[in-house]
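J.: All you need for the working numbering is the position in the sequence shown, starting with 1, plus 213.
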Amino acid sequence: MVLELAIAAATLAPVQTRHFSQPGEMGILDRAGEISSFCPLERTSVIANVSGFGAEVTVVQKFGNSSKVPIEAIYTFPLPNDAAVHRMRMRIGQRVIEGEIMKREDAFQTYQAARAAGQATALLDQERPNVFTQSVANIMPGSAIEVEISYVQLVKYDQGVFEFHFPMTVAPRYLGNTPDPGKVDPPRAIRTGTNIDLKVRVMAGAPVSNVVSVLHKVATKTIPGGFSMTLAAQDEIPNRDFILKYAVAPETVKPAFISHTDERGGFFSLVLFPPKVPKADEIAPREVIFVLDQSGSQRGFPIEKSKELCLKMIKTLRAGDTFNALSFNTEVRTCFEAARPVTVENLKQASDFVSGVVADGGTQIGPAVIESLYGQGDPERLRMVLFNTDGLVGDEYEILKTLQEGKGRARMFTFGIGNSVNRFLIDAMAAEGRGASEIITLESDADGAVKRFLKRSETPILTDISAGFSGGQITQVQPGALADVFDQQPIIVYGRYSQAGPGEVRLTGRLGGKPWSMNVPIVFSDKPSAPAIPVLWARQRVNEIRRSDYMGVKRGGQSRIAELTTGVALDFGIMSEYTSFVAVEKRVVNVGGKQRTVAVPVENASGMLTGRDVDLGVSARGTAAFGNVPGSFSRANSGSPAGASAGGAQGGGGFGGGGGGRATGATGATGATGATGGTGATGTTGATGATGSGGTTQVLGSVVTLGGSPANPASKAAGLSMDSSGARAYGAPASKLSKKLEAKLAKAKGPIAVQVRVKDLTQTTLDLLKKLGLKIEDKDKALKVVFGTIDAAKIKELIKVSVVLRVEEI
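(1) Pick helix, strand or coil for residue 782, following the three-state DSSP scheme.
(2) CB-CB under 6 Å to residue 261, same chain, minus the five flanking residues each way: which ones, in chain order?
(3) Under a three-way DSSP split, which group does residue 656 fall into?
(4) Are the beta-carbon atoms belonging to residue 388 and residue 606 less than 9 Å from one another?
(5) Roughly how many whole angstroms lie between the Cα atoms of residue 1022 and residue 968?
(6) Residue 980 lies in the alpha helix (DSSP H); which residues open and close that run?
(7) Once you ignore the five residues that flank residue 423 on each side, which residues in its own chain have a CB closer than 6 Å to its CB?
(8) Secondary structure at residue 486, three-state DSSP: helix, strand or coil?
(9) Spatial neighbours of residue 966 within its chain, please: C-beta separation below 6 Å, excluding the five flanking residues on both sides.
(10) Specify the secondary structure class of residue 934 as computed by DSSP and reduced to three states.
(11) Please report the Cβ distance between residue 1028 and residue 537, rounded to the nearest whole angstrom; I am assuming they are in contact, meaning their Cβ atoms lie under 8 Å.
(12) Give a yes or no on contact between the region 274–289 and the region 418–435, applying the rule of three or more CB pairs nearer than 8 Å.
(13) Report yes or no: do three or more beta-carbon pairs, one from the region 663–681 and one from the region 442–456, lie closer than 8 Å?
(14) On the premise that residue 720 lies in contact with residue 746, defined as a C-beta separation below 8 Å, what is that separation, rounded to the nearest angstrom?
(15) Which residue marks the beginning of the beta strand (DSSP E) containing residue 457, and which one marks its end?
(16) When we look at the beta-carbon of residue 359 and count the other beta-carbons within 10 Å, is it buried (16 or more) or exposed?
(17) Examine the Cβ distances between the region 619–632 and the region 582–593 and report whether three or more of them are shorter than 8 Å.
(18) How big is the Cα-Cα spacing for residue 240 and residue 400?
(19) For residue 535, name the three-state secondary structure that DSSP assigns.
(20) My assumption, with CB atoms under 8 Å, is that residue 601 sits in contact with residue 504. Please give the rounded CB distance.
(21) If I measure Cβ to Cβ from residue 683 and keep anything under 6 Å in the same chain, skipping five residues before and after, which residues do I get?
(22) Buried or exposed for residue 526, please, with buried defined as at least 16 other CB atoms from any protein chain shown within 10 angstroms of its CB.
(23) Use the C-beta contact count for residue 465: other C-beta atoms within 10 angstroms, 16 or more gives buried, fewer gives exposed.
(24) Of the residues 548, 979, 759, 997, which one's Cα is nearest the Cα of residue 613?
(25) To the nearest angstrom, report how far apart residue 571 and residue 628 are at their CA atoms.
(26) Below 8 Å on the Cβ atoms is my contact criterion, and I expect residue 378 with residue 744 to pass it. Report the Cβ-Cβ distance as a whole number of Å.
(27) Name the two residues that bound the continuous beta strand (DSSP E) containing residue 266.
(28) State whether the region 290–304 contacts the region 355–371, with contact taken as three or more CB pairs (one from each stretch) at a distance under 8 Å.
(29) Among the residues of its own chain, which have a CB less than 7 Å from the CB of residue 1017, if the five just before and after it don't count?
(30) By the 10 Å Cβ neighbour count, where 16 or more other Cβ atoms means buried, how is residue 337 classified, buried or exposed?
(31) Give, in chain order, every unbroken run of the alpha helix (DSSP H) that is at least 4 residues long and sits entirely within the region 561–610.
(32) With burial defined as no fewer than 16 other Cβ atoms inside 10 Å of the residue's Cβ, what is the status of residue 667: buried or exposed?
(33) Short of 8 Å in beta carbon distance, which residues of its chain neighbour residue 763, apart from the five on each side in sequence? Order them along the chain.
(34) Which same chain residues, not among the five before or five after residue 348, have their C-beta less than 6 Å away from its C-beta?
(35) Within its chain, find whatever has a CB closer than 6 Å to the CB of residue 282; leave out the 5 residues flanking it on each side and keep chain order.
(36) Do you know whose CA, among 469, 443, 540, lies nearest residue 457's CA?
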């Protein structure tokens, strides 16, 4: 089918435990005890047809068996979080077996029975709205099985630019609070051997310009009415999202009303744009809160990109604003005790705070959300929270529930930093926070995001929107509460009708605080003209059910949420956390059903550093390493003592010291003892927190707090740097070397892979770095970072030159 309008909603989290092997080991253990390592996934092929606002996408996964025994392949992979998956089929040679949608438990039992009977079978489960598991059993030696998945989705539109997105890998997540880590933590490999090919055909309906593939090299061809695009490389590694953007003249983007009738009744979708309005004459003062994710998954390019964005945003603050900055990993750190006015001194202190942030530790987003929303006491100011994160966690529903209950009048704007971020959480946080979301790839310039945010914050917003219909006998309009609309964003409505013929929709709201309305004539079709619309209505309905009770989703299959969701998903044949697709071939190919289970590894996400410290920051091991207690955190600058964090295990990015305690003018708590981390190989006891004057305490191995003047010069030994005002900058190193690299140099020999942050990237600087022994492999002009290798013995000379600001091991 040709889809002219696709508007999909996110689905829900998993509800049951799998009863067979989880991903964890790459390979087959034969009877001789030898491991035969190979990746059963041979290739992924993607074909996308984009028309207007919607996309229809088919994904084909080819699984092969090069071993001598039958195998079962288990593959965890991503799809867009707004994908409405409505079909799965299995192909073996010329035979095609259509998948059937069932309750998740029934599908699992069907799969298990077929697996044991020796029949080829495939099971598709949804673990998160953007994470799925494909299981394929009884793949015989030398044979192959293809699984085809089809979905429809919305093509994002904002300020004249369309964006089509296809995720390619499940990036590592922090699992400290995750209830089901095995479902979102597949095994990883530096190179799995599998490749991907992708073809996109765009029928824009209007002239396009500025066609850009953000992260991939592509080959583009003009076709009547649009263009087609393929990946330039036939052996492309699936380790980063595919992002296609193209611009159209705003005046060519027309309102769209599409309706469809079948045996279930009538369904429609409506897309409208509010009128353009001029920039507000008077812009109300704001309270702006900048939030930076400094967890282990942000190390390297991501944290530098996040700091770049935040520093540029700080420069846009207006004279009447107040502001604060905070960062988080397993703890939350604030720059000021409360929001401060825009002054030269305050701007400098905040910029120093941001510049000094170092990425390490686990990812506790929930406490950072609480802190960012805390203390909304000024009715004259609208609080705007600018939240930078990759969203790589597994406790999405707890975070969204926290935001839903505590947002007050605040608006949250989320910025996803990275090439393979958790778009489900980033988009959902913005939706719950009545703001907007942006994805900032590591290769993109932050200036565009800054300009878009400024335009949104300076243009009157359409709020309190409602839709009234005449004609059609309308029911079940989705979403129940329409989101606020920023400049050049569409209003999107789904619904059902029972009577064909002419009608009208009347939209009302407040535009810039003044009453606004729009009347649009429509016609309800009596023909089956757009079969995708019922699927998209059902996906939006599932989304509304989930939002009504996030904790009901977490409780699982016995909840009212499960009952409602299952009914909609089965009626409309779509994936959800409670429904799965299963396909079974009737004939037996593996008598007895004995086989080996092989977990399909996924590629490491591009731009994310690898290694023990980073793994600790995003894996289940991070729970012990960073003293994470689910649901708890220590709030710096809270006005009351904070609890000490647990000692760092295996280095853990320097979390050997205790957490910072604070009461105004009080002495901080003694730090906890490090296990094998902190500053010593055998563990170092955290130093007693320095007495702060209106500020917070500092402990050895982990700079925890900010906002006061130090009373104890011993705090410098813990890694603090001071400016002339006595303000403390988090993570500002005592030397240009990271602690990890400094410790390694004591015994390291030979070449070491490093990233070098420099003052400028002129040819003179590059020549100097080469002369000092750095073999340059890559560089980033926006971040002023050079990547390469250098002999360990030459690093001390490298850091002596003034142009070098920081050296870290990759």
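By construction, the Cβ of each residue, glycine as well, lies at the ideal position given by its N, Cα and C atoms.
T.: On the basis of the data shown:
(1) helix
(2) 268, 270, 413
(3) coil
(4) yes
(5) 6 Å
(6) 976–984
(7) 460
(8) coil
(9) 1002, 1023
(10) Because residue 934 carries a pLDDT of 31, less than 50, the predicted location of this residue cannot be relied on, and the following value inherits that uncertainty. Reduced to three states, the DSSP call for residue 934 is strand.
(11) Any question about residue 1028 goes unanswered here, given that the chain covers just 214 to 1023.
(12) no
(13) no
(14) That belief does not hold up - the Cβ atoms of residue 746 and residue 720 are roughly 19 Å apart, past 8 Å.
(15) 455–461
(16) buried
(17) yes
(18) Residue placement at residue 240 is flagged as unreliable, the pLDDT there being 39, under the threshold of 50; the coordinate-derived value follows with that caveat. Their backbone Cα atoms lie some 11 Å apart in a straight line.
(19) strand
(20) 6 Å
(21) 716, 717
(22) buried
(23) exposed
(24) 759
(25) 18 Å
(26) Contact flag wrong, Cβ pair sits at about 24 Å.
(27) Unbroken run through residue 266: none, as it is neither H nor E.
(28) yes
(29) 949, 969, 971, 1011
(30) buried
(31) 578–586
(32) exposed
(33) 610, 611, 613, 614, 617
(34) 287, 336
(35) 809
(36) 443
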